[in-house]
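Student:
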Amino acid sequence: MFTLTNEFTTVTIEKVQTRNGERLRISAPRLGYSVELDPLELEALTWQPVETFSRLLSTPFGPDEEGVEARPLSDLILFGGEHG
Amino acid sequence: MARVKTGLSPRLSRMLEELQEGVEDGLVPAWIFNDPELFELEKERIFSRSWVYLAHESEIPKPGDYVLRYVLDNPYILVRGEDGVVRALLDMCRHRGMRVCRAELGNASHFRCPFHGWTYRNDGRLIGVPAEREAFGQDLNKEEWGLVPIPRLEAFDGMIFGNLDPGAPSLEEWLGDIRWYLELVTKRSPQGLEVLGPPQRWVVNTDWKLALETFLSDSYHTLMTHRSLIELGIAPKDAKYAMYGEQIHIPGKGHGSMVVGAPPGAKLPPFWGYPEEMLERARTSYPTREQFETARETRILLVTLFPNFSFHNPIRKPDHKYQGAVPMLTFRVWHPLGPGRIEIFSWALVEKDAPEWFKEKTRLSYLRFFGSSGTFEQDDTEIWSHVAHNAATPQGRHLRFNYRMGLKLEPDPNWPGPGVAYGLNFTDANMRNFHRRYLEMLLA
Amino acid sequence: MDRTQALLNCLYHEAELLDEGRYREWLALLAEDVRYRVPVRVTKERGPEGGLSGVMEGMYHLDEDYTSLEMRVARLETGFAWAEDPPSRLRHFVTNVRIGEPRPTPKGEESEVRSNLLIFRSRWDRPDYTFLSAERRDIWRREEGGWRLACRTVILDSTTLPTHNLSFFF
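As structure tokens, then:
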């Protein structure tokens, strides 16, 4: 395992053995995400332009949750909400 | 020369008139070296319109490499994009103004602001906004909210300069004929130069013009200021050693150079004492034969660019017992912090293709004699700070300094390089030329 | 006297020599093969394994050997070293001393000694002063006649130095 750091984040990278093969595990301990990529996926990374990574970073702290209902707090206060 | 324009306070107008009247006669009032009102004018009319040195391209060779640099107190991220293009981006998040870059140097493909998380690619484009849909809906056009690039950014032979004035002349035009002298260093090898590390940075209570003057024209100070090095046998025995050279200025530009040879009778190796193989490479690397011939006779070379960049390239050796010569090269920015206060950025550089043993030795020649602990430079900064202090005192500020050295010298008709050259380096000619350009910018 | 006390005495004695400008005596405390370095420090993230941030290996404020330190001392003796003439009033405050286990080497027994250092500097008749804070990472060697400083790395706590020159020793 080795670690890569800049002023923005730290990631750890390690080779993991599966029963019949191997993958590269990239973990971001600060945000708690982890991904295991096989050689073909890694190869695909090699021809990605910087735009791909900019698109991935359009949500700078990991994926935004889809379909989150932004209910006003006043709903809870005026109408008694869950405890009404 | 035009009379002092309006738009200035009566006090400043009166002061600049005094400077204007004295400049050609070599009389310069002390107050120009420490005055709060003048400093504000210098910020507006000089540093906001001049080409200011930012970095050498060897500091950011790879995509994503960046260093943090300043023009006045504007912080710029000088970064090489994934496309290989160098940009200078104002280090200020467009959302609420936080610094998006929190290291002095590093490598990053994207910069993520620690305040609300707006994220920019290293070409400046805004590409990420947390919870964008909930926070801004469809209304945020990210293309309009990228990091702001410096208005102008240009390079000469690996030297990167920025300018805050969008209407400034090109760097090439700004440099003019001083390029011939810059090339004595930048084109000494076909490979060009590389920095030996990040800059040393330190503060001195003095004026940027006092520091600059030492490198632009003051060959006269070495015999007293640097006497300790003469005593130790580091500097040539002849205390007037810096006198034996040409002083050259570029009229209308404010730039200047000092090209010093060997003192009469002194046995100093040619070509600054660089190794033989570097001399051979220089023979074909220099654009002109005149530059090669000049370089071969040079032992000390200084170039200063208006307003606040200098380099110094003297023959030297790592210590007083070392046999032989090991020249050194330092680049300088005399960064103005306030009236009577500067920060010095000091780099050591060497030819990329210099032999490894030489790179190590030239680094030591630099560290022992120049920079924050340099045995030459220690005494300069000490003295500059007292001059600046006196320049702000009620009695001292009105004294006029004597810039009359070499006032009657005739130009040297045989000098092979461009500009106006004098065959004796004990002259204030470069500083008088600088003050002319300085006034011209302050009044325009 | 035990080793710890002997090394503490060395550090305090050295500080006294530096405060009083007894530089020839200070040189006598150095091993002939001494390596004396003050790296440039920059603002930078801390590494993932922790420790100090931004200590540059490529550039120094001082990178000295015995000969060059002797040259700096000789310069101060010329009477023309204006940076220290008049001399700075210096005070070296040495604290948090950590002494490592003794280690035999072909050159003699060596011991790692770390200390925190605060230098007070005042010049001329000004009431203002500068402070420089640092950690010193030393190796002291037991030689004939006593302990000698064999290696010192000074980890500055400043990036941009708050003083106009480094005309003194850490």
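In order, the protein sequences belong to chains Y, P and B. Residues in the first sequence are numbered consecutively from 1, following our numbering. Residues in the second sequence are numbered consecutively from 85, following our numbering. Residues in the third sequence are numbered consecutively from 529, following our numbering. The C-beta atom is built at its ideal place from N, Cα and C for all residues, glycine as well.
1) Is the Cβ-Cβ distance between P:Ser132 and P:Pro391 less than 7 Å?
2) Which word fits P:Arg452, buried or exposed, when buried means at least 16 other C-beta atoms lie within 10 angstroms of its C-beta?
3) Going along the chain, which residues of its own chain have a beta-carbon closer than 6 Å to the beta-carbon of P:Ser142, five neighbours each way excluded?
4) So with Cβ pairs under 7 Å, would you call Y:Pro60 a contact of chain P?
5) Going by DSSP in three states, P:Tyr358 sits in which element: helix, strand or coil?
6) Looking at chain Y, is there any beta carbon in it that lies within less than 7 Å of the beta carbon of P:Ala187?
7) Kindly list the residues whose CB is nearer than 7 Å to the CB of P:Leu313, restricted to its own chain and excluding five residues on each side of it in sequence; keep chain order.
8) What's the gap between the Cα of P:Leu122 and the Cα of P:Trp499?
9) What are the residues of the stretch 682-693 of chain B that lie near chain P, defined by any Cβ-Cβ distance shorter than 8 Å?
10) Could you name each continuous beta strand (DSSP E) segment of 3 residues or more that falls completely within the stretch 569-614 of chain B, going from the start of the chain to the end?
11) Could you please tell me which residues of the stretch 600-613 of chain B, in chain order, have their CB closer than 7 Å to any CB of chain P?
12) My parser needs the alpha helix (DSSP H) runs of 4 or more residues fully inside the stretch 322-393 of chain P; what are they?
13) For B:Thr532, count neighbouring Cβ atoms within 10 angstroms of its own Cβ and tell me buried if that reaches 16, exposed if not.
14) What is the DSSP secondary structure of P:Cys177, reduced to helix, strand or coil?
15) How should P:Asp464 be labelled, buried or exposed, when 16 other C-beta atoms within 10 angstroms of its C-beta is the threshold for buried?
16) Would DSSP call P:Pro235 helix, strand or coil?
17) Is the Cβ-Cβ distance between P:Ala472 and P:Asp223 less than 7 Å?
18) Leaving out the 5 sequence neighbours to the left and right, which residues in its chain are closer than 8 Å to B:Phe696 when beta-carbon positions are compared?
19) CA-CA distance, B:Ala543 and B:Thr571?
20) Counting only beta-carbon separations shorter than 7 Å, does P:Trp286 have a partner in chain B?
21) Consult DSSP for Y:Ser34 and reduce its assignment to one of helix, strand or coil.
22) Looking only at C-alpha atoms, which of P:Glu297, P:His396, P:Pro348 and P:Arg272 sits nearest to P:Phe355?
23) Are the beta-carbon atoms belonging to P:Leu352 and P:Arg383 less than 7 Å from one another?
24) How big is the Cα-Cα spacing for P:Phe245 and B:Glu598?
25) Write down the C-beta distance between P:Lys293 and P:Ile130 rounded to the nearest angstrom, noting that I regard them as a contact closer than 8 Å.
26) Which parts of the stretch 280-329 of chain P are runs of the beta strand (DSSP E), unbroken and 3 residues or longer, counting only runs that do not cross its ends?
27) Are there 16 or more other CB atoms within 10 angstroms of the CB of P:Thr368, so buried, or fewer, so exposed?
28) Would you give the residue range spanned by the beta strand (DSSP E) that P:Tyr406 belongs to?
29) Can you tell me which residues form a DSSP beta bridge with Y:Thr3?
30) Is the CB-CB distance between Y:Ser86 and P:Ile161 below 7 Å?
31) If the criterion is Cβ atoms closer than 7 Å, does the pair P:Arg532 and P:Leu174 meet it?
32) Starting from the C-beta of P:Met85, find all residues in its chain whose C-beta is less than 6 Å away, skip the five residues before and the five after it, and write them out in chain order.
33) Rounded to a whole number of angstroms, what is the C-alpha to C-alpha distance between Y:Ser34 and P:Arg217?
34) According to DSSP, which residues form a beta bridge with P:Met243?
35) Which bits of chain P does Y:Ala44 rub up against, with CB to CB less than 8 Å?
36) Run down chain Y in chain order and give the residues with a C-beta less than 7 Å from the C-beta of P:Arg205.
Tutor: Reading from the atomic positions:
1) If you check the CB distance, P:Ser132 and P:Pro391 do not come in under 7 Å.
2) buried
3) Glu278 and Val279
4) yes
5) P:Tyr358: coil per DSSP, three-state reduction.
6) yes
7) Ala319, Thr459 and Phe460
8) P:Leu122 and P:Trp499: Cα-Cα distance of roughly 37 Å.
9) Thr687, Thr688, Leu689, Pro690, Thr691, His692 and Asn693
10) Assignment of beta strand (DSSP E) within the stretch 569-614 of chain B, counting only whole runs of 3 or more residues, yields 583-592 in chain order.
11) Arg600, Ala602, Arg603, Thr606, Phe608, Ala609, Trp610 and Ala611
12) 360-369 and 373-381
13) exposed
14) coil
15) So P:Asp464 ends up on the buried side.
16) coil
17) no
18) Leu546, Glu612, Ser616, Leu618, Ile647 and Arg649
19) 29 Å
20) Chain B, which has a Cβ nearer than 7 Å to the Cβ of P:Trp286, makes this yes.
21) strand
22) P:Arg272
23) Yes, these two residues count as a Cβ contact at 7 Å.
24) 40 Å
25) That belief does not hold up - the Cβ atoms of P:Lys293 and P:Ile130 are roughly 10 Å apart, past 8 Å.
26) 284-288
27) exposed
28) Looking at the DSSP string, P:Tyr406 is not in any beta strand (DSSP E), and its letter there is neither H nor E.
29) Paired residues: Y:Thr12.
30) Outside the modelled stretch of chain Y, which goes from 1 to 84, sits residue 86 of chain Y, for which no answer is possible.
31) Nothing about residue 532 of chain P can be read from this structure; chain P reaches only from 85 to 528.
32) Legend: pLDDT at P:Met85 = 43, less than 50; position of this residue unreliable, value from coordinates given subsequently. Here the set comprises nothing.
33) When the Cα atoms are used, Y:Ser34 and P:Arg217 turn out to be separated by approximately 25 Å.
34) P:His140 and P:Phe240
35) Ordered by position in chain P, no residue passes the 8 Å Cβ test against Y:Ala44, which lies about 18 Å from the chain.
36) Those within 7 Å of P:Arg205 in chain Y are Val50 and Ser54.
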